[in-house]
Amino acid sequence: MIKATTDKSAVALISGSGSNLQAIIDAIENKELKLTISAVISNVDNAKGLIRAEKAGISTSCIKHNEFSERINYDRMLLKEIEKYKPDYIILAGFMRILTPWFINQYHGLIINIHPSLLPKFPGLNTHQRAIDNNEKWHGCTVHIVTEDLDGGPPIIQAKVPVKINDNSSTLSSRVLKTEHQIYKKALQLLISGQLEYKNKNIWLSHEKLEKPLEIVF
Ligand code: GAR
Numbered sequence: 007m008i009k010a011t012t013d014k015s016a017v018a019l020i021s022g023s024g025s026n027l028q029a030i031i032d033a034i035e036n037k038e039l040k041l042t043i044s045a046v047i048s049n050v051d052n053a054k055g056l057i058r059a060e061k062a063g064i065s066t067s068c069i070k071h072n073e074f075s076e077r078i079n080y081d082r083m084l085l086k087e088i089e090k091y092k093p094d095y096i097i098l099a100g101f102m103r104i105l106t107p108w109f110i111n112q113y114h115g116l117i118i119n120i121h122p123s124l125l126p127k128f129p130g131l132n133t134h135q136r137a138i139d140n141n142e143k144w145h146g147c148t149v150h151i152v153t154e155d156l157d158g159g160p161p162i163i164q165a166k167v168p169v170k171i172n173d174n175s176s177t178l179s180s181r182v183l184k185t186e187h188q189i190y191k192k193a194l195q196l197l198i199s200g201q202l203e204y205k206n207k208n209i210w211l212s213h214e215k216l217e218k219p220l221e222i223v224f
């Protein structure tokens with residue numbers, strides 16, 4: 007477990023490379039983020055993010071989704087594992103599963119996600135290709151609070167990235183991913199410091215309702 011000088015803690019859920027997780031671990035180690043990651047849980051046993059977590063001394067576990075026939079049973083097992091750590095937040099860092107409303111309501115307002123598009127544009131998968139196919143001038147990523155509405159919870163911060171004329175899904179996604187690493191830690195800093203709050207279905211920054219997400223243009 008990597009410790010920070012704060013009483014706030016999180017469990018991170020991953021499915022793959024874990025580069026967002028790594029950016030958060032690095033921010034904690036550099037003292038940019040006062041958070042303790044108590045555990046990292048994956049639904050995929052060979053997720054590279056598990057190795058990143060182990061290197062940082064964080065407890066890891068894997069609950070394979072394909073061993074559960076019902077989504078709700080998976081989520082019940084996931085919650086049981088998470089509750090061992092009593093986290094303040096659940097951080098989705100490339101966790102490629104849809105969570106049930108039941109699960110989301112257990113941690114209502116405390117589950118944070120990063121999604122690779124300028125939501126509400128392109129919820130779901132293949133966001134980079136869809137942005138190119140749609141001739142978007144701008145693409146990017148969004149950190150948002152998770153609600154029952156898939157990729158539809160209140161957005162906190164977005165990074166805007168120009169789509170270049172020769173971009174393909176791979177070049178665009180790697181540029182967007184770098185910006186994800188910047189905005190995820192920023193959103194967490196704001197939440198943990200209490201400057202940013204989620205209440206009454208809205209995001210409040212320094213007690214003022216945020217009418218649109220914060221934006222960083224890259
Ligand atoms: C990131 O691009 C993240 O935004 C995306 O998966 C990737 C994970 O990369 N998440 C989703 O699409 C969730 N709907 P990482 O494992 O290197 O952090």
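In our numbering, the protein residues as written are 7 to 224.
Even for Gly, the Cβ is constructed at its ideal location relative to N, Cα and C.
- The DSSP-derived three-state label of N119 is strand.
- Contiguous alpha helix (DSSP H) elements confined to the region 29-110 occur at 54-61, 77-89, taking only those with 4 or more residues.
- Counting only residues of its own chain and dropping the five nearest sequence neighbours on each side, T185 has a CB closer than 7 Å to the CB of G146, C147, A165, V167, F224.
- The nearest non-hydrogen atom of ligand 1 is 7 Å or more from the C-beta of I138.
- N36 and Q28 have their C-alpha atoms roughly 12 Å apart.
- Per DSSP, reduced to three states, the secondary structure at Q164 is strand.
- Cβ contact annotation for D157 (same chain, cutoff 7 Å, sequence separation greater than five): H121, L125, P129, G130, in chain order.
- Cβ atoms of F101 and I20 come within 8 Å of each other, at about 6 Å.
- Remark: the shortest separation between the CB of I43 and any heavy atom of ligand 1 does not fall under 7 Å.
- Within the same chain, V149, I162, I163 come within 6 Å of A193 by CB-CB distance, once the 5 residues on both sides are set aside.
- For E217, there is no enclosing beta strand (DSSP E), as DSSP marks it with neither H nor E.
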